[in-house]
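Notes to accompany the following structure.
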Amino acid sequence: MGKLVLTFNPEWSILDASVEHGHFRGRGDAYFPTDEVSEFIVSLQAYPLKRADLVLRSPGLISISVFPADGVGHLFVRIEVAEEIEARDFARVRLRTDYSRLSRFASQLSLMAKGEVSEIILEEDKA
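As C-alpha cells, then:
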C-alpha cells in the first residue's frame with residue numbers, strides 16, 4: 041500500500057511531499073503558491089474527473105496528476121518528487137484511489153492553502 045504525505049510550512053510557503061509505495065520512497069519540496077492552487081482544487085472536485093495536474097517547481101519538484109484508472113470510478117494519482125528541479129534522480133509513484141478519498145484530499149488541500157492545516161495524508165485504496 042502506498043501513501044502521499046504533504047506537509048506545509050506557512051512561514052516559508054514551502055510544501056514538502058513524501059511518497060511511498062512498497063519499497064519505493066521519495067521526497068521533494070517546492071514553493072507552494074497558496075493563491076494559485078485553487079484551479080487544481082476545483083478540477084479535483086469535478087465528476088467525472090478527466091485529468092487534474094499540479095506542478096510546483098523550485099527549489100525542488102512536486103508534480104501531482106490525477107486521472108481515471110477505469111470506467112467504474114477508480115482513479116490514479118501519479119506523484120513525481122525531486123529535491124532539485126534539475127535532479128537526475130527523482131521518484132515517481134502511482135497510487136490508486138476513489139472519488140471519496142479524492143474529495144477528502146481536495147478539501148484538506150483547500151484548508152492547507154488557507155493555512156488551517158499543515159499536513160495531509162492520502163493513502164492508497166486497498167482494493
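Mind the numbering: the sequence shown is residues 41 to 167 in our numbering, read in order. The C-beta atom is built at its ideal place from N, Cα and C for all residues, glycine as well.
Looking only at its own chain, which residues have a Cβ that is under 8 Å from the Cβ of residue i, when we skip the five neighbours before and after it?
i, result
"I125", "R97, S98, P99, G100, L101"
"P50", "G155, S158"
Residue i and residue j: beta carbons closer than 7 Å?
i, j, result
"L44", "L162", "yes"
"L84", "A146", "yes"
"G68", "A122", "yes"
"F107", "R91", "yes"
What does the Cβ neighbour count give for residue i, buried or exposed, with the cut at 16 atoms within 10 Å?
i, result
"V112", "exposed"
"D93", "exposed"
"V95", "exposed"
What residue range is occupied by the uninterrupted alpha helix (DSSP H) comprising residue i?
i, result
"R144", "139 to 153"
"S83", "78 to 84"
Leaving out five residues before and five after residue i in sequence, what residues of the same chain have Cβ atoms less than 6 Å from its Cβ?
i, result
"A153", "T74, V77"
Between the Cα of residue i and those of the options, spot the shortest distance and give me the residue it belongs to.
i, options, result
"L55", "I104, R65, R91, V82", "I104"
"R65", "L89, I81, R136, E120", "E120"
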